[in-house]
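Participant: Structure provided below as structure tokens; questions to follow.
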Amino acid sequence: MERLDLEFKAAPSGAGLIEGLASPFGGTPDRVRDIVAPGAFSRSLAEHKARGTMPAMLLSHDPAAVVGAWERVEETPRGLTVAGRLTLGTTTGDDAYALARAKALTGLSIGFRTIKATRLPGGIRRLDEVDLLEISLVSVPAAPAATITSVKSFPAVSTARTHEEKTMADPNAATTDTTDTPPADTRLTALEGTVSDIDKRLKSVEDSMGTTAKGVSRIETMLRRPGTAATTGDAATTAPERKAFEAYLRGGTAGMEFTEVKTLRTGDDTSAGYLAPAEFIAEVDKNIVLWSPVRQLATVRNTARGSVELPKRIGRPTATWVEELEDRDDTETGSRYGKSAYEVKELTAYVDVAFSTLEDAAVDIFAELAADLAEEFGQAEGEAFVTGNGVKRPMGFMTDTSIPTVASGDAAKITADSLIDAFHALPSPYRTNAVWAMNSTTLGAVRKLKTSTGEYLLSMTGLAGSPVTTILGRPVVELPDMPDITAGAIPLVFGDFAQGYRVFDRVGFSLLRDDLTQRTKGKCRFHARKRVAGGVRKSEALRKLRIATN
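Next up, the structure:
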């Protein structure tokens, strides 16, 4: 079942008889980075017209607080224009009227379900089609471009008609006719009633201002929440997505403002989790490289499919020299193209964090959780990209049989000659960006190899403090999941991994907070998942060094 969440945004207005622009089309994004496309309300308004209904007029989105009725809601070139009337004589209607007259309520907030939306650059969302449910009177507007064109006041109820009123009602009445003028005591009684009504409304305004003050206090409390007070000038640390995600990490969705939940929900995952913001994913990926260097070496792409198919050349054309008018021979002999398929696999992990840690303002939970999950995912990814067999995990380059091998010539060790053979077995275009991949044990053995002149084959280059280990001028990368040197094993791979291996990310990162499973241990469990594919793209860009069997 598809879940469509109710969303709100505000637009300035008044009360009484209201006419104005509730939601402008296009223009500058509102405070939650939304813009409304022209025609977004047309289908919903047509459905209301067919049913003979109008969106409800509520107070602060409370279904029990109906304050009046909208008489006209229509789309114009500027946006959604509305006109309605507050129902005076009711508690909610009178309260809304008094608050609006006192400028305590200055906005309209439309409640809708998103039917169709488009993501734009810069984190902007364009609403292409919405189901308009209600329009509420609120105190905080979110769309500064919305304006009110007319606000009319309702006159106070009075049983006394003045001489001027009667004269306006009857132009033929004599200006000196005062026979129907009520006695002074009657007018005084009416005036006292009016004053009493004003006192009641002022009392209501004072109460509402107290409520507003409480709201401001609550906002200040939110701003002092752990993790939000210590900010820097970096835009990444102040992004709404990061703030909402960190609030979710610390306390879940309970207590979060609807705008925060809405910002968080822009990354809603179908598994009931929330897709982490770009800053969090970048932090995780940066740390994953420490555990899985293959991701750094390979070419990484995003995909929207569960399986990625790319053309693969399994032969090569033959070029021939010809004269200007000579017939061309067929050069396609041996040139064929097949397909390389990369199946997306799912990777899951969980991290337990103490509730006291989540509550501690001195702890950067954003960075801590990113580091822990990076370790979990990095170890799993690193193993899969190296030795994965394609069953519930990506296919690693070590299990791909299409990569050519070079014999070491010795059943117990790697020789200097075998390294030179592997180096020159790789086609020269790929040697430019090639690296040596091996584990630490193998690197220790290679480090002892010497040339005929007694010089070590392995050298250290680079700047002071950032040395680079090289063999024959090409850098060495440690992959802990590579096998050790044993008979028949392949402890070393040389090649251009950017050309030879591909990684495809389907779901970058999804996180679900579990407050209950580890509650008795005082911990909160975070379930993380991602979907990724991997496999060899060009086998000719890699070479394996195989230890002899005897």
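If you count by my numbering, then the sequence shown holds residues 1376 to 1925, one letter each, in order.
For each residue, glycine too, the CB sits at the ideal point set by N, CA and C.
With the cut-off set at 7 Å, would you say G1454 and P1399 are in Cβ contact?
Facilitator: yes
Participant: How would you write the range of the alpha helix (DSSP H) that A1809 sits in, first residue to last?
Facilitator: It is not in any alpha helix (DSSP H) - A1809 carries neither H nor E in the DSSP assignment.
Participant: K1767: buried (16+ other C-beta within 10 angstroms of its C-beta) or exposed?
Facilitator: exposed
Participant: Distance check for V1851 and P1413, CA to CA, integer angstroms please.
Facilitator: 57 Å
Participant: Looking at the structure shown, is E1449 part of a helix, part of a strand, or coil, going by DSSP?
Facilitator: strand
Participant: Taking the straight line between their C-alpha atoms, what separation do you get for S1579 and D1506?
Facilitator: Here the alpha carbons of D1506 and S1579 stand approximately 34 Å from one another.
Participant: Tell me whether the beta-carbon of D1856 lies closer than 7 Å to the beta-carbon of E1758.
Facilitator: yes
Participant: Under the three-state reduction of DSSP, which class applies to K1575: helix, strand or coil?
Facilitator: helix
Participant: Can you tell me whether DSSP reads S1827 as helix, strand or coil?
Facilitator: coil
Participant: By the 10 Å Cβ neighbour count, where 16 or more other Cβ atoms means buried, how is P1496 classified, buried or exposed?
Facilitator: exposed
Participant: Going by CA-CA distance only, name the one from V1843, I1860 and T1836 that's closest to G1819.
Facilitator: I1860
Participant: Less than 7 Å separating the beta-carbons of E1504 and K1491?
Facilitator: yes
Participant: Classify F1487 as helix, strand or coil using the three-state DSSP reduction.
Facilitator: F1487 falls in the strand class under three-state DSSP.
Participant: Report the CB separation of V1726 from E1751 in whole angstroms; it is logged as a contact under 8 Å.
Facilitator: 7 Å
Participant: Taking T1816 as part of the alpha helix (DSSP H), name the residues at either end of that continuous run.
Facilitator: Counting along the chain, the alpha helix (DSSP H) containing T1816 begins and ends at S1815 to V1821.
Participant: Classify D1574: buried if its beta carbon has 16 or more other beta carbons within 10 angstroms, exposed otherwise.
Facilitator: With fewer than 16 other beta carbons inside 10 angstroms of its own, D1574 counts as exposed.
Participant: By a C-beta neighbour count over all protein chains shown, 10 Å radius and 16 as the cutoff for buried, is P1430 buried or exposed?
Facilitator: That one is buried.
Participant: Which stretch, first to last residue, makes up the beta strand (DSSP E) that contains V1505?
Facilitator: V1505 -> beta strand (DSSP E) spans I1499 to V1513.
Participant: Helix, strand or coil for P1804, going by three-state DSSP, please let me know.
Facilitator: helix
Participant: Within 10 angstroms of its Cβ, does M1813 collect 16 or more other Cβ (buried), or is it exposed?
Facilitator: So M1813 counts as buried.
Participant: Measure the Cβ-Cβ separation of A1786 and A1908 and say whether it is below 7 Å.
Facilitator: no
Participant: V1407 lies in the alpha helix (DSSP H); which residues open and close that run?
Facilitator: Run containing V1407: none; DSSP gives neither H nor E here.
Participant: By Cβ distance below 6 Å, which residues in the same chain neighbour K1825 in space, the five residues on each side in sequence not counted?
Facilitator: Counting only residues of its own chain and dropping the five nearest sequence neighbours on each side, K1825 has a CB closer than 6 Å to the CB of Y1831.
Participant: Whole angstroms is fine: what's the gap from T1836's alpha carbon to T1844's?
Facilitator: In a straight line, the C-alpha of T1836 is about 6 Å away from that of T1844.
Participant: Tell me the rounded alpha-carbon separation between P1686 and L1420.
Facilitator: Between the alpha carbons of P1686 and L1420 lies a distance of about 49 Å.
Participant: Could you tell me the boundaries of the alpha helix (DSSP H) in which R1918 lies?
Facilitator: Where R1918 is concerned, there is no enclosing alpha helix (DSSP H), although the beta strand (DSSP E) it sits in stretches over L1917 to R1921.
Participant: Measure the Cβ-Cβ separation of P1668 and K1720 and say whether it is below 7 Å.
Facilitator: No, the pair does not count as a contact, with Cβ atoms beyond the cut-off.
Participant: Measure from the alpha carbon of N1764 to the alpha carbon of each residue in E1718, A1791, D1792 and A1724, then state which is nearest.
Facilitator: E1718
Participant: What are the uninterrupted segments assigned as beta strand (DSSP E) that are 3 or more residues long and contained completely in the region 1840–1897, given in chain order?
Facilitator: 1841–1846, 1849–1853, 1867–1870 and 1876–1889
Participant: Pull the bridge partners of G1909 from the DSSP assignment, please.
Facilitator: Beta-bridge partners assigned by DSSP to G1909: V1878.
Participant: Roughly how far, in whole angstroms, is the beta-carbon of L1672 from the beta-carbon of A1873, given that I think they are within contact range, below 8 Å?
Facilitator: 7 Å
Participant: Is the Cβ-Cβ distance between L1433 and L1480 less than 7 Å?
Facilitator: no
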